[in-house]
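So the sequence shown is numbered by the working numbering: it starts at 51 and just counts up by one.
Glycine is no exception: its CB is placed at the ideal position from the N, C-alpha and C atoms.
Here the structure is a predicted model, which means the values were calculated and not measured.
Scroll down for the structure; my scribbles are underneath it.
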Amino acid sequence: MLSERPIFISHSSKDEKIVTPFVEKILNIGLGISRDRIFYSSAKDTGPKSGSDFKDSIKSKIIGSAAVIQVITQNYKQSEVCLNEMGAAWVLSDKVICFILEPVTFETIGFIHNTTQLLKLNSADDLFQFQDDHPELYENRRISQSNFNKQVKSFIRILNRNHLKPLNSALSLSE
Numbered sequence: 051m052l053s054e055r056p057i058f059i060s061h062s063s064k065d066e067k068i069v070t071p072f073v074e075k076i077l078n079i080g081l082g083i084s085r086d087r088i089f090y091s092s093a094k095d096t097g098p099k100s101g102s103d104f105k106d107s108i109k110s111k112i113i114g115s116a117a118v119i120q121v122i123t124q125n126y127k128q129s130e131v132c133l134n135e136m137g138a139a140w141v142l143s144d145k146v147i148c149f150i151l152e153p154v155t156f157e158t159i160g161f162i163h164n165t166t167q168l169l170k171l172n173s174a175d176d177l178f179q180f181q182d183d184h185p186e187l188y189e190n191r192r193i194s195q196s197n198f199n200k201q202v203k204s205f206i207r208i209l210n211r212n213h214l215k216p217l218n219s220a221l222s223l224s225e
């Protein structure tokens, strides 16, 4: 059963301030996916266990996952580890769900996902689409829609606060 297998979160560690709220607000609180089903290497309780080989942990979690959720940002595309995870997921996983965040766009996503249906991480509509498209991932099948709506709004606020600051600073420096 898919809802018992882990969900692998492929992300750049440089995007922790963006991805941690996604895991907590959208997956944990919004969809009721328990933390023990999530492999998210930026959190100690959901990443590789102490003493384990990081590469082996990633490989085994991708192979055994119900889905790989890729959060593709500019940092992700510049990371050799992330690009390796992207290729491994493409080959080894039955279900790869991609979220993109500008400046990554549908046009700049790259070879592996240029024909994939992508979701925008900063789009409430796309987060609701994710919920609609993948009910097999969350074990709490009867989720509260009002709670999910609240978590999406909260996540978008956090995302805008954490993602737009660096963009705004770069814009003000170049003006």
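Top-ranked residue by Cα proximity to residue i, from the options
{"i": "S91", "options": "V202, I57, R207", "result": "I57"}
{"i": "S204", "options": "I76, L142, H213, V118", "result": "I76"}
{"i": "E238", "options": "L209, I208, S63, Q201", "result": "Outside the displayed span of the chain (51 to 225) sits residue 238, for which this structure offers no information."}
{"i": "V141", "options": "V73, I113, H213, I159", "result": "I113"}
{"i": "V121", "options": "E152, N197, S196", "result": "E152"}
{"i": "N172", "options": "N212, E186, P185", "result": "N212"}
{"i": "A117", "options": "F149, Q128, K127", "result": "F149"}
{"i": "S84", "options": "K170, S194, Y188, S115", "result": "Y188"}
{"i": "T158", "options": "Q181, D183, Q128", "result": "Q128"}
{"i": "S196", "options": "D183, F178, E186", "result": "F178"}
Beta-ladder partner(s) of residue i, from DSSP
{"i": "F58", "result": "F89, V118"}
{"i": "K170", "result": "I150"}
Integer-rounded CB distance, given that residue j should sit under 8 Å from residue i
{"i": "K109", "j": "A138", "result": "7 Å"}
{"i": "Q124", "j": "V146", "result": "Actually they are not in contact, since the Cβ atoms of Q124 and V146 sit about 20 Å apart, beyond 8 Å."}
{"i": "I193", "j": "G82", "result": "6 Å"}
Contacts around residue i, its chain only, beta-carbon distance under 6 Å, and the 5 residues preceding and following it disregarded
{"i": "N199", "result": "none"}
{"i": "I208", "result": "P71"}
{"i": "C227", "result": "Residue numbering for the chain in the displayed model covers 51 to 225; residue 227 lies beyond these limits and cannot be assessed."}
Neighbourhood of residue i by C-beta, 7 Å cutoff - its chain only, sequence neighbours within 5 removed
{"i": "F156", "result": "L168"}
{"i": "D144", "result": "none"}
{"i": "I88", "result": "P56, I57, I59, V73, L77, T96"}
{"i": "L223", "result": "Residue placement at L223 is flagged as unreliable, the pLDDT there being 37, under the threshold of 50; a coordinate-derived value is accordingly withheld."}
{"i": "K67", "result": "N212"}
Where residue i falls, given that 16 or more other Cβ within 10 Å makes a residue buried
{"i": "A174", "result": "exposed"}
{"i": "M51", "result": "Residue placement at M51 is poorly supported in this model, since its pLDDT is 47, which falls under 50; the coordinates still yield a value, given next. Per the 10 Å Cβ criterion, exposed."}
{"i": "D106", "result": "exposed"}
{"i": "E54", "result": "exposed"}
8 Å CB neighbourhood of residue i in its chain, flanking five on each side removed
{"i": "Q201", "result": "K75, I76, I79, G80"}
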